[in-house]
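*Asks:* Each residue of the sequence shown is one higher than the one before, starting from 0 at the first, in numbering that gives the first Met the number 0.
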Amino acid sequence: MRIVVLTGAGISAESGVPTFRGKEGLWKKYDPRELATPEAFRRDPKTVWEWYNWRREIIAKAEPSEAHRLLAELERRRDLWVITQNVDGLHQRAGSERVIELHGNIWKVRCISCGARYYDRTVPLREIPPRCRECGGLLRPDVVWFGETLPKDALERAYQLSSEADIFLVIGTSAQVYPAAELPLVAKGRGARLIEINPEETPITPYADLSIRKGASEGLRKVIEEI
Ligand code: OAD
Numbered sequence: 000m001r002i003v004v005l006t007g008a009g010i011s012a013e014s015g016v017p018t019f020r021g022k023e024g025l026w027k028k029y030d031p032r033e034l035a036t037p038e039a040f041r042r043d044p045k046t047v048w049e050w051y052n053w054r055r056e057i058i059a060k061a062e063p064s065e066a067h068r069l070l071a072e073l074e075r076r077r078d079l080w081v082i083t084q085n086v087d088g089l090h091q092r093a094g095s096e097r098v099i100e101l102h103g104n105i106w107k108v109r110c111i112s113c114g115a116r117y118y119d120r121t122v123p124l125r126e127i128p129p130r131c132r133e134c135g136g137l138l139r140p141d142v143v144w145f146g147e148t149l150p151k152d153a154l155e156r157a158y159q160l161s162s163e164a165d166i167f168l169v170i171g172t173s174a175q176v177y178p179a180a181e182l183p184l185v186a187k188g189r190g191a192r193l194i195e196i197n198p199e200e201t202p203i204t205p206y207a208d209l210s211i212r213k214g215a216s217e218g219l220r221k222v223i224e225e226i
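#1: Does any heavy atom of the ligand OAD sit closer than 6 Å to the C-beta of Lys47?
#2: Checking the sheet assignment: what are the DSSP bridge partners for Tyr118?
#3: Helix, strand or coil, according to DSSP, for Pro128 in the structure here?
#4: For Ser11 versus Asp78, is the C-beta distance shorter than 7 Å?
#5: With a cut-off of 8 Å on the beta carbons, I'd call Val143 and His102 a contact; round off their distance for me.
#6: Within its chain, find whatever has a CB closer than 6 Å to the CB of Ala71; leave out the 5 residues flanking it on each side and keep chain order.
#7: Using three-state DSSP, classify Leu79 as helix, strand or coil.
#8: Flag Asn197 as yes when its Cβ comes closer than 6 Å to any non-hydrogen atom of the ligand PLP, and as no otherwise.
#9: Please look up how many angstroms separate the CB atoms of Ala164 and Ala191, rounded, as I've assumed it's under 8 Å.
#10: Do Asp152 and Arg109 come within 7 Å of each other at the CB atom, strictly closer than that value?
#11: With DSSP run on the structure shown, which of helix, strand or coil describes Thr204?
#12: With a Cβ-Cβ cutoff of 7 Å, do Pro123 and Trp48 count as a contact?
#13: If we ignore side chains and look at the alpha-carbon of each, how far apart do Leu89 and Arg76 end up?
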């Protein structure tokens with residue numbers, strides 16, 4: 000019985016990491032075109048890095064939520080995979096090992112000159128924008144920006160896992176961003192039982208076999224009793 004979980008910013012909201020959409024969402028205050036596109040980075044790498052540095056500071060102080068921990072515990076007992084749109088690494092910090100990161104990781108950097116990729120957990124960054132330790136070139140966050148394609152291996156694995164899921168659990172995503180938003184429908188089309196945990200309705204809700212209008216931790220406690 001394979002369980003596949005797709006997570007979004009809502010699961011980390013319970014760790015104090017701001018979401019993107021909704022009343023308090025980052026995209027209410029900031030324009031994604033100026034902060035999360037390759038064009039914005041070419042135009043103004045310093046501003047983009049200042050924003051990422053601020054987010055890294057928030058994430059560094061955050062602790063995995065009860066929901067992150069429950070998923071890590073469940074992975075020890077069940078055939079469970081997490082596919083996440085989050086870049087914060089909180090699933091791994093909670094102990095999850097089977098994690099597919101669709102949108103990259105905020106602690107990883109990538110050199111736009113030599114292509115080196117490595118983890119840099121310095122908080123705050125010593126130099127903005129940071130420079131590559133291999134060649135001195137300009138580093139960028141190794142995350143997926145608007146207009147960019149998702150990492151091929153992660154995406155292929157995500158589609159494969161979704162099509163093999165018996166239970167597909169969607170937690171804390173507004174399901175506005177593709178291709179991630181398509182995965183629950185792939186799973187459902189292949190016969191998975193679709194369960195959604197989100198305090199709000201989303202485009203996934205009409206397809207869900209069970210929809211839990213609660214926060215991630217409370218909702219997950221209920222689901223675990225049942226599956
Ligand atoms: P969003 O910010 O779009 O959506 C967050 C979702 O979490 C909403 O549906 C909320 O109702 C829900 N939510 C809020 N509090 C919650 C809680 N305590 N428990 C459970 N759910 C809660 O975040 P994502 O769907 O993850 O991409 O956004 C997808 C992508 O858009 C992100 O990965 C990012 C963003 O632009 C890139 O940067 C490429």
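Where a beta carbon is used, it is the ideal one built from N, C-alpha and C, also for glycine.
All of these numbers come straight from a predicted model, not from anything done at the bench.
*Replies:* The structure says:
#1: The displayed chain sequence assigns Val, not Lys, to residue 47. Val47: no, Cβ never under 6 Å from the ligand OAD.
#2: Lys107
#3: coil
#4: no
#5: 4 Å
#6: Ala93, Gly94, Ser95
#7: strand
#8: Judged by which ligands are present, the ligand PLP is missing from the structure shown, whose ligands are the ligand OAD.
#9: 4 Å
#10: no
#11: helix
#12: no
#13: 20 Å
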